[in-house]
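Going letter by letter, the sequence shown gives residues 28 to 676 in the numbering used here.
Beneath this line is the structure, given in C-alpha cells, with notes to follow.
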Amino acid sequence: MRPFLSIISLVFFCGAFAQSDSLWSVWKNSSLPDSARLKAISALSWKTVFQQPDSGIALAELQLQLARKSGDPKALFTAYNTLAAGNKMRSDLSAALDYFNRCLEVARSMNDRKRIANTLSNLSTIYKDLGDQPRALQLLHQSLRIDEELGNKEGMAGTFNNIGNIYKRVNETAKALENYAKSAALYAELDNPRGRAVVLVGIGTLHGDLGMLDTAVAELRTAIGLYQRIGNRLDLGKAHNNLGQVLTRMGRMREAYAEFDSARTIHGSMGARDLLARNLYYTGQALLREGRAAEAVRSCREGLAIADSLGLLDQRKECTDCLMHAYAQAGDFRRAYAMQQAFIDLDDTLDRANNGKEVTRLEMTRVFRERWIADSLDQVRTDLEKQMVVDRRMAEQRTQRGFLIFSVIVALVIAGALLSRLRYTSKAKRAIEREKERSDDLLHNILPEEVAAELMEKGSAEARTFDSATVLFTDFKGFTAMSEQLTATELVAEIDHCFKALDAIVEKHGVEKIKTIGDSYMAAAGLPDPASSNAADIVLAALEMRDAIAQRRAERLREGRPAFEMRIGLHSGPVIAGIVGVKKFAYDIWGDTVNTASRMESSGEPGRVNISAATHALVKDVIWLRFEPRGMVAAKGKGALEMYFVDRA
C-alpha cells in the first residue's frame, strides 16, 4: 500500500504529541463506531497536513476510504478538502484542483452554502497560482456573495484577503489595500491570530513593493511571530521569504539570506516546490544585487526548472527575468537576449490568459494565410491563362507563315543565335541588378542602414552597447473589445492602418522602429547612430502618435464604428542592440531599459504619454514641453517608480 511507509513515519511523529497519539489510537480501534473513527482521523489528517503534507495526505486517503464506506457526504467533503490542501502544499496543482472540484460537487449535493463558499474561495487560489487572475476573481466574488448572505464573517475575512492578493498581483494597489483592510478588521473582530498573520503578510509585502520598507519589515516580523506561536509552518515560510525580499531592497543582505535560508528549509521539508521556486528567484535577485552573477544564474536556473515542471507561469516569468539580468551582468549577451525573448513571451502568455488576445491573434494568422494562398492561386491561374493565349496565337501564326519561316530560318540561324546570346546576357545582367537592388531595399527595410552596410561588407554585424537610448512602447487598450466587434480581416486592416501612420511618424523624426509585437509597437531613439535622434525627438514622435490615433478614433466613432485607444510609455537608459538569428534575422534591443519602458506604457493612461524620471531628466528643459508629475507609481515587477505625463506646452 502506498500510504504505508508514510503512516509508519507518522506514528513516530505523532508519538511526540499526546493529542495526536490519542487520535491515532481511536482510529486504530476498529471496535469503535465508524463515526468516532472518522472524527479522529479527520482531526489528525487536517492537523498533520500543514506540518508534513505527505503524511497528512496518507492519513486523508485512509479517511477517504472509510468516508466512502460510511456514505456520509460531510465526511467525504472533509477528506477531499484535506487531500486538496495537501496536494496544493506539495505544489501538485492539478491534483489540488481535482479534489477541490470534488469538494464543490459534494457541497452542492448537500446544498451546504457555507461549504460551497469556502470551496470557491479555495479554488480561486489554484487559478491564481496558475496565472488565471480573472477566473480567480470571479470565484472569489461568488464566494463573497454567499458568505455575505449567510453572515459568515470568517469566510468573508478569508475571501477579502484573497481578493487583495489578486489585486496585488495585477498591480491594483488601492483595491488591494482596501480589501486587506476589510479582511484585517474582520479577523480582529473574530480574534483570529492566523487570519491576522495572513493579512499582515499581504499588507507587508505590498508596502515593501511601494517602498515603505521599515513599515513592511515591522508587519512581516509581527506575522512571523504569530505563525511561530500557532505552529503554521507553510505560511511561516512564506513570511520569511517575503521578509528576505524586503531586506534585500534595504541592502541588509546578511539578514536577507538568513530569511531565505529559513524559508528554503521549511518549504524543502514540506515539499512545497512552488514556494521553493519563488524562494530561489528571490535569492537570485539578492545575489544579483551584490554582483554575484554566476551564483544568481544557478539559483534562478534551479527555480526555473521547478516552475517549468509544475507549469507555474508567474514563477517561470520571474526566474526568466532573473536569468536575463544575471547573464547580462556576466557579459553573456547571447543568453541574456534569449532570456529576454522568453520573458516577453511569458509576459504575453500571462496577458493572453487574462484577456483572450491569443484567440484573435490566431484568427488573424489564419486570415493572413488564407489571403496569401488565395492571392497565390489567383496569380498562377492568371499566368497560365495568359500563357495559353500566347501559345494559341503563336500556333496560328506558325501555321500561316510556316513556309516563309522555313525558307529563311537557315540563313538567320547563326545571326539569331548570336543575337539571342547577346540579349540573354544583357537581360540576365539587368535581372541580377534588379534583384540586388530589391535585396538591398529589403535588407534596409529590415535593418538600419548602418547595420545593413556592415552586414553586407563583413557578412556579420557586432552587437553594440548604447549608453543613452530612449525606448518607446505603445499598446492598444481597446484591442480585445474591437476583436469581438470586428471580423479578423477588418481588425487586421485597422491595425495595419494605424501602424502605417506610426511608421510615417518615426521616419519623420529620425527614430528607429524596432518591431511590432501583436498590437504593440516598439521604437527607439539614439541608435544605431546616436546622432540621428535623441530623447526630445522620440517624445515629439510619441505626441504625434497619440494625436494620430486620437484623430483616427474620432473619425471612426463619428461613423459609429469601434476604435482603438492607445497608451504610450518611454524610458531612457543603456541598451544592447544588434542582429539576432540566422534565418529571419532582425535588429533588436534588450536590457532592463526595454522592460522598464514597457512598464511605463502599461502604467500609463489611454491618450497620454507616460515617461520615466530618466527620460524627464533628458527633456525637462525643452521649452515646447510641459510635464505633469505623477509621483511614485507601482509598476508591475518593478515596485514604485517616479513617472510623469508629458504634453506640448
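No residue lacks a Cβ here, since even glycine has one placed at the ideal position from N, Cα and C.
The alpha-carbon of A163 is positioned some 42 Å away from that of V646.
The DSSP-derived three-state label of I650 is coil. Cα atoms of Y154 and L147: separation of roughly 11 Å, rounded to the nearest angstrom. At the C-beta level, A102 and L157 stay beyond 7 Å of one another. The C-beta separation of C349 from G318 comes to about 14 Å, leaving the pair out of contact by the 8 Å criterion. Shown here, S630 sits in coil according to DSSP, grouped into three states, outside any helix or strand.
In the structure shown, S639 adopts extended strand secondary structure according to DSSP, grouped into three states.
Taking the CA atoms as reference points, Y126 sits about 5 Å from A111. Under DSSP, H598 forms a beta bridge with V498. Under the 10 Å beta carbon count, H524 is surrounded by fewer than 16 other beta carbons and is classified as exposed. One alpha carbon belongs to I230, the other to E286, and they sit about 18 Å apart. Using a 10 angstroms sphere on the CB of N192, the tally of other CB atoms reaches 16 or more, which defines it as buried. In the three-state scheme derived from DSSP, where H, G and I count as helix and E and B as strand, K665 is classed as coil. If one requires a minimum length of 4 residues, the alpha helix (DSSP H) runs lying completely within the region 313-389 are 320-337, 340-356, 360-382, in chain order. Residue environment analysis places T492 among the exposed positions, since fewer than 16 neighbouring C-beta atoms fall within 10 angstroms of its C-beta. For P60, DSSP assigns no beta-bridge partner whatsoever. In the structure shown, the three-state DSSP call for V197 is coil. When secondary structure is reduced to three states using DSSP, E586 falls in the coil class, being assigned neither helix nor strand.
Looking at the DSSP output, P80 sits in no beta bridge, so it has no partner there. By the Cβ rule, the region 266-275 does not count as touching the region 82-91, because fewer than three pairs are nearer than 8 Å. Counting other Cβ atoms within 10 Å of its Cβ, M137 stays below 16 and is therefore classed as exposed. Beta-bridge partners assigned by DSSP to S547: D502, I544. Collapsing the DSSP output to three states places G158 in coil. In the pairwise beta carbon analysis, the region 575-592 is classified as not touching the region 534-545: fewer than three pairs are separated by under 8 Å.
In its chain, beyond the 5 residues on either side, V660, A662 have a beta carbon closer than 6 Å to the beta carbon of S630. Contact between the region 217-232 and the region 648-656 is absent: fewer than 3 CB-CB pairs across the two stretches fall below 8 Å. Going by DSSP, E246 is part of the alpha helix (DSSP H) stretching over 240-257. Taking C-alpha positions only, V53 is separated from E322 by approximately 51 Å. A residue is called buried when at least 16 other Cβ atoms come within 10 angstroms of its Cβ; A624 meets this threshold and is buried. Selection G587, W617, L261, Y309 evaluated against F370 yields W617 as nearest (Cα-Cα). Cβ neighbours of G295 within its own chain (closer than 8 Å, five residues either side excluded): L303. Using a Cβ-Cβ distance cut-off of 8 Å, the region 67-81 and the region 112-119 are in contact, since at least three pairs of beta carbons, one from each stretch, lie closer than that value.
Apart from the 5 residues on each side of it in sequence, M277 sits with its Cβ closer than 7 Å to the Cβ of L240 in its chain, given in chain order.
Annotation: E571 to D372 spans about 29 Å, alpha carbon to alpha carbon. Note that the region 494-510 touches the region 547-566; at least 3 beta-carbon pairs, one per stretch, sit closer than 8 Å. Between A184 and the set D502, R281, R223, the nearest pair of CA atoms involves R223.
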